[in-house]
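Chains A and B, in that order, give the protein sequences. Here our numbering runs 18 ahead of the position in the first sequence, where the first position is 1. Here our numbering runs 105 ahead of the position in the second sequence, where the first position is 1.
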Amino acid sequence: MALLEVQDLVIDIPTASGLLHAVSEVSFSVDRGETLAIVGESGSGKSLTSLAIMDLLPRVAKRRAATLTFDGTDLLSMREPEMRKLRGSRMAMIFQEPMTSLNPAYTIGNQLMEALRCHEDVGAEKARARAVELLERVGIAGAERRLLQYPHQLSGGLRQRVMIAMALMCKPDLIIADEPTTALDVTIQAQILRLLHDLKKEFGMAMILVTHDLGVVARVADKVAVMYAGAIVERGPARAVFKAPSHPYTRGLLNCIPVPGRTAPGTPLGAIRGQLPNLIGRLEGCAFRDRCDFAAPECSGPMRYVPVDAGHDVRCIRAEARKAVA
Amino acid sequence: MLHYTLQRLVVAISVAITVSIVAFFLLHLSGDIAISIAGPEATPAQVEAIRQQFGLDRPLVVQYLEWLWKAVRFDFGDSFYFRSSVVSLIASRIPVTLTLGAISLCLSLLIAVPLGVLAAVYNGTIIDRLALSFSVIGQAIPTFCLGLGLIILFSVTLRWLPVSGASTWKHYILPSIALGWYAVPAVMRLSRNGMLEVLSADYIRTARAKGLSPGVVIFKHALRNAIIPVVALAAVQFGFMLGGSIVIEAVFSMHGLGYLAWEAIARNDFPVVQAVVLILATIYVGLTFLADILNAFLDPRIRLA
Ligand SMILES: Nc1ncnc2c1ncn2[C@@H]1O[C@H](COP(=O)(O)OP(=O)(O)O)[C@@H](O)[C@H]1O
Ligand code: SF4
Ligand SMILES: [Mg+2]
């Protein structure tokens with residue numbers, strides 16, 4: 019049994035102009051020790067999907083699913099006090115905004131130790147020792163001194179390292195990293211990702227890595243789910259998806275990455291024309307059809323997943339027809 | 106922190122000096138003080154004699170500097186009406202006012218802050234709307250109306266509490282409610298809005314993602330940040346309360362600074378009026394300074410800047 023099972027996750031948000039279908043029928047699973055990458059452009063529902071697993075959605079957002087289990091336990095029927103015991107201890111989250119994700123009023127040490135002491139009955143000394151150990155492990159020099167510092171005294175990169183250390187305080191089974199490097203300097207992004215990847219292996223955790231950087235996915239992910247307009251349009255083992263990208267949107271994304279040696283210098287970065295459709299009201303047909311070069315009349319009909327290979331499928335009803343052409 | 110403290114101190118002293126100048130000149134330019142002192146039946150010669158006796162014929166700037174020089178050494182001269190020095194008058198009256206102000210402030214904070222937190226946590230629910238209505242009603246009732254209403258209900262009708270005076274703690278209950286009531290709406294709304302803003306901050310999401318209980322999230326992580334602007338407002342409200350104490354002390358016949366000011370104004374007792382205005386302003390400026398320092402302790406971004 020997978021560590022995390024998600025089947026037909028739906029997230030609706032009531033708005034003034036109607037019901038916003040932010041996430042529709044998303045299904046995936048994550049095994050112990052596995053990294054699942056969720057990719058897709060901004061607004062495709064990646065953050066809401068991550069928050070739904072932790073039951074941390076904004077109050078307006080409504081979550082439904084056929085299955086949502088963590089280590090065999092049903093999360094859908096779980097009451098808040100039980101859920102609280104899982105959060106931070108068995109599943110932890112790292113957010114996109116390191117600058118604002120730490121409380122400005124408390125020291126780094128206070129916030130790190132609290133993460134352990136709210137779950138485990140350990141003394142301050144032990145918690146401090148663990149905080150120092152983890153700060154050193156995430157590459158922060160002078161850990162003892164850092165414990166006494168406040169968030170505003172640290173750079174964005176350091177703050178994100180602190181967030182990572184904080185997520186690891188209770189040795190979770192699953193870590194969800196929602197675009198952990200998007201807000202950081204390009205030079206620091208690679209370091210942080212490498213760190214996350216190493217830590218994941220070292221601690222034997224499973225990881226959900228939300229990103230829009232496909233280059234990152236190729237290096238660290240075991241599985242990939244490509245999201246578009248609230249739905250997973252392609253999913254499968256990372257190698258298979260990169261070798262045979264089968265959804266026009268995935269191909270568009272891959273064309274956006276410059277490839278050393280193949281992309282001529284000075285070539286403008288490819289971009290997929292058009293923009294995300296409006297997700298308010300009743301949605302019919304393929305959400306990508308306004309931007310798809312292969313769109314045909316049947317693309318306005320009901321959608322289903324078409325298998326490409328073992329464990330690799332695609333939400334495009336013309337996938338087979340196009341394969342025949344290609 | 107030292108730099109910040111010194112900077113705030115300079116600001117506080119400048120404000121205090123400005124207030125003393127404004128108070129002094131307003132009083133002296135509002136009419137001929139010598140005529141007021143001499144009374145309506147005095148002859149021009151008597152007025153002139155008084156003018157010389159009190160040094161009122163000298164340039165205003167000289168008079169101000171002399172008054173200020175004495176004031177910083179706590180010499181405010183003698184009262185025209187009471188048979189004592191202004192300093193001893195103030196010393197005998199100030200405890201009543203400070204006690205009243207402190208109780209009122211504590212009372213209003215104890216009601217307004219929890220109410221604001223409650224309204225924010227239950228944002229948009231019936232609790233929130235009740236708290237907001239309460240604050241609107243609070244603002245609509247003038248202080249003296251509330252004071253009189255309380256007297257009629259609790260002192261006259263129910264006979265639970267004394268009508269007037271300041272001799273026992275029971276005497277402070279009704280005036281403190283009447284005076285503290287005034288600050289509740291503003292403090293409540295600031296606490297509510299501050300909490301609403303903080304509760305949607307990213308670090309609150311982090312706190313929840315750690316698995317902290319709602320109590321720890323609300324009080325340790327949210328309130329600690331939302332309370333920072335409330336501290337500054339509390340100092341301002343305390344200033345308003347010192348002003349409001351003139352009305353409340355008159356309504357409840359409490360012999361405090363406010364009551365003294367009221368008596369002195371009615372009797373053209375200029376040295377007393379001037380001294381009371383200066384003392385009240387200095388207390389207010391001092392509190393604002395304290396609030397700035399307290400803010401620095403609450404907000405490490407100020408303290409360690
Ligand atoms: N609190 C909210 N209220 C209303 N709409 C929201 C809220 N949060 C997210 N959305 C909408 O849900 C969609 C998905 O958002 P999100 O999951 O944040 O996307 P991503 O993380 O992929 O960029 C977007 O269209 C966004 O506008
Ligand atoms: S279903 Fe049709 S419109 Fe959608 S991606 Fe496939 S070909 Fe394009
Ligand atoms: Mg996002």
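Even glycine gets a Cβ: it sits at the ideal position worked out from N, Cα and C.
For the alpha helix (DSSP H) containing residue i, list its first residue and its last residue.
i               : result
M131 of chain A : 126 to 135
Y364 of chain B : 362 to 371
Y227 of chain B : Neither: Y227 of chain B is in no alpha helix (DSSP H) and is coded neither H nor E.
D216 of chain A : 204 to 221
A110 of chain A : Looking at the DSSP string, A110 of chain A is not in any alpha helix (DSSP H); the run it does join, the beta strand (DSSP E), is 109 to 112.
R333 of chain A : No alpha helix (DSSP H) contains R333 of chain A, which DSSP labels as neither H nor E.
R257 of chain A : 256 to 261
R313 of chain B : 307 to 314
Q342 of chain B : 329 to 356
K103 of chain A : 98 to 104
L399 of chain B : 375 to 403
What does residue i touch in chain B if you count any residue whose Cβ is under 7 Å from its own?
i               : result
F88 of chain A  : Within chain B, no residue comes near F88 of chain A; the closest Cβ sits about 14 Å away, beyond 7 Å.
T118 of chain A : A306, D307, Y308
M111 of chain A : A314
By the 10 Å Cβ neighbour count, where 16 or more other Cβ atoms means buried, how is residue i classified, buried or exposed?
i               : result
P169 of chain A : buried
V390 of chain B : buried
P319 of chain B : exposed
Y304 of chain A : Residue 304 of chain A is actually Cys in this sequence, not Tyr. Classification for C304 of chain A: buried.
K275 of chain B : exposed
R81 of chain A  : buried
Q157 of chain B : exposed
V24 of chain A  : buried
L177 of chain A : Residue identity differs from the one stated: residue 177 of chain A is Arg in this sequence, not Leu. Its Cβ being crowded by 16 or more others within 10 Å, R177 of chain A is buried.
L287 of chain A : At L287 of chain A, the pLDDT of 48 sits below 50, so the modelled position is not reliable; the number obtained from the coordinates is stated separately. Label assigned to L287 of chain A: exposed.
K219 of chain A : exposed
T148 of chain B : exposed
H108 of chain B : exposed
S264 of chain A : buried
T205 of chain A : exposed
N400 of chain B : buried
Give me the chain A residues within the contact set of residue i, using Cβ-Cβ distance strictly less than 8 Å, ordered along the chain.
i               : result
S318 of chain B : R102, C136
R313 of chain B : L74, R105
L215 of chain B : None at all; the shortest Cβ gap to chain A is about 22 Å.
What in chain A is Cβ-close to residue i, meaning under 7 Å?
i               : result
A225 of chain B : None at all; the shortest Cβ gap to chain A is about 13 Å.
H326 of chain B : N121
L210 of chain B : None at all; the shortest Cβ gap to chain A is about 23 Å.
For residue i, report the span of its beta strand (DSSP E) as first-last.
i               : result
I226 of chain A : 224 to 229
I193 of chain A : 192 to 196
E23 of chain A  : 22 to 33
Y246 of chain A : 241 to 246
V324 of chain A : 324 to 327
Run through chain A and tell me which residues come within less than 9 Å of residue i, C-beta to C-beta.
i               : result
D404 of chain B : P122, A123
V409 of chain B : Note that residue 409 of chain B is Leu in the sequence shown, not Val. Going along chain A in sequence order, the residues near L409 of chain B (Cβ under 9 Å) are Q167, Y168, H170, Q171.
Report the neighbours of residue i on chain B: residues whose CB is nearer than 9 Å to its CB, in chain order.
i               : result
E132 of chain A : A312, K315, L317, V321, K325
M321 of chain A : Here the premise fails: no neighbours, minimum Cβ distance about 33 Å.
Applying a beta-carbon distance threshold of less than 8 Å, which residues of chain B neighbour residue i?
i               : result
E115 of chain A : D307
Give a single yes or no on whether residue i has its beta carbon closer than 7 Å to a heavy atom of ligand 4.
i               : result
R253 of chain A : Here the bound small molecules are ligand 1, ligand 2 and ligand 3; ligand 4 is not part of this structure.
Inside the stretch 48 to 95 of chain A only - alpha helix (DSSP H) runs reaching at least 4 residues
As far as the stretch 48 to 95 of chain A is concerned, its whole alpha helix (DSSP H) runs of at least 4 residues are 64 to 72.
Short of 9 Å Cβ to Cβ, which residues in the stretch 163 to 180 of chain A face chain B?
For the stretch 163 to 180 of chain A, residues whose beta-carbon sits nearer than 9 Å to a beta-carbon of chain B comprise Q167, Y168, P169, H170, Q171.
At a CB distance below 7 Å, what residues from the stretch 214 to 227 of chain A approach chain B? Give them in sequence order.
From the stretch 214 to 227 of chain A, no residue has a Cβ closer than 7 Å to chain B.
Residues from the stretch 329 to 357 of chain B in contact with chain A, defined by Cβ distance under 7 Å
Per Cβ criterion, the list reads R329, N330.
Segments assigned alpha helix (DSSP H), at least 4 residues, entirely inside the stretch 144 to 184 of chain A
Correct list: 161 to 164.
Within 7 Å of chain B by C-beta, residues of the stretch 138 to 159 of chain A in sequence order
Answer set for the stretch 138 to 159 of chain A: empty.
Between the stretch 169 to 187 of chain B and chain A, which residues of the former have a C-beta closer than 7 Å to a C-beta of the latter?
Those would be none; no residue qualifies.
Just to confirm the assignment: which complete alpha helix (DSSP H) runs, minimum length 4, are found wholly within the stretch 190 to 276 of chain B?
Runs of the alpha helix (DSSP H) inside the stretch 190 to 276 of chain B: 191 to 226, 231 to 245, 248 to 255.
Contiguous alpha helix (DSSP H) assignments of at least 4 residues, all confined to the stretch 106 to 143 of chain B
Listed in chain order, the complete alpha helix (DSSP H) runs (minimum 4 residues) inside the stretch 106 to 143 of chain B are 107 to 134, 138 to 143.
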